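K.L.:
One structure coming up, written as structure tokens, with questions to follow.
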């Protein structure tokens, strides 16, 4: 068992880039790595039982595994869900790049993800067709890294009733996408403290007073080409 010390920050909303001005208190919490839940290197064809693909019906669009990478190459919206419900304190890490070359769908935008996603009205989450607005009714956390033609990086909490609470909205160059760069993404949920890291830098941190404690993880994008590798999800105990 691995022991990791974290400084958990109590407060409502915090960002690494500066900004809320709220006074906060800190407490040291020892977090134990308890169990590896998922390890995926995409060395085999995509298993349709393990991965649920929801893709907008557009030409020149595909989701596949190629050269040991999960490839999202689509003209419209796409979500690739991991069909494994996650619960409690977790950490998600993976690597991902937005490919810019001469592909039909190459566009520097939308390194996005959903996590702790559930549908309050349907036990079966996997019923959508990939269009972004179809997900408005879910309860989940969402980060859109380099959305709006790489103009914004946003963190939202979807409330399950159509409300999508905007927690952070960044638009400076340091928090936007670079082409053909392999990012290491880390997401953690520890006792309601939700954080999102990129290449070792904390982009967002949010103490949720009514945290989402279970749900599904999905890779999300639209009109672009992405390669994804080395997904690892572990459970944590505090």
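Numbering (mature numbering (1 follows the signal peptide of the UniProt record, and there is no 0)), first residue to last: -15 to -1, 1 to 223. By construction, the Cβ of each residue, glycine as well, lies at the ideal position given by its N, Cα and C atoms. Quick caveat: nothing in here was measured; it's all calculated off a predicted structure.
Based on Cα-Cα distance, which residue from 67, 107, 141 lies nearest to residue 216?
P.N.:
67
K.L.:
Using the three-state DSSP reduction, which class does residue 68 fall into: helix, strand or coil?
P.N.:
coil
K.L.:
For residue 54, which residues of its own chain have a beta-carbon under 7 angstroms away from its beta-carbon, when the five flanking residues on both sides are left out?
P.N.:
The residues are 27, 212, 213, 214.
K.L.:
Mark residue 127 as exposed unless 16 or more other C-beta atoms lie within 10 angstroms of its C-beta, in which case mark it buried.
P.N.:
buried
K.L.:
Is it the case that the stretch 198 to 210 contacts the stretch 91 to 98, given that we only count it when at least three CB pairs across the two stretches are under 8 angstroms?
P.N.:
yes
K.L.:
Between which two residues does the beta strand (DSSP E) containing residue 97 stretch?
P.N.:
96 to 103
K.L.:
Quick check: what's the CA-CA separation for residue 62 versus residue 222?
P.N.:
Rounded to the nearest angstrom, the gap between the Cα atoms of residue 62 and residue 222 is 35 angstroms.
K.L.:
Assign residue 74 to one of three DSSP states: helix, strand, or coil.
P.N.:
Correct three-state label for residue 74: coil.
K.L.:
CB-CB under 7 angstroms to residue 153, same chain, minus the five flanking residues each way: which ones, in chain order?
P.N.:
So the qualifying residues of the chain are -1, 139, 140, 189.
K.L.:
Just how far apart, CA to CA, sit residue 172 and residue 86?
P.N.:
Distance between the alpha carbons of residue 172 and residue 86 is about 28 angstroms.
K.L.:
So, helix, strand or coil for residue -8, using DSSP?
P.N.:
No answer about residue -8 holds up, because its pLDDT of 40 lies below 50 and its placement is not dependable.
K.L.:
Taking the beta strand (DSSP E) that residue 131 belongs to, which residues open and close that run?
P.N.:
124 to 131
K.L.:
Do the CB positions of residue 103 and residue 124 come within less than 8 angstroms of each other?
P.N.:
yes
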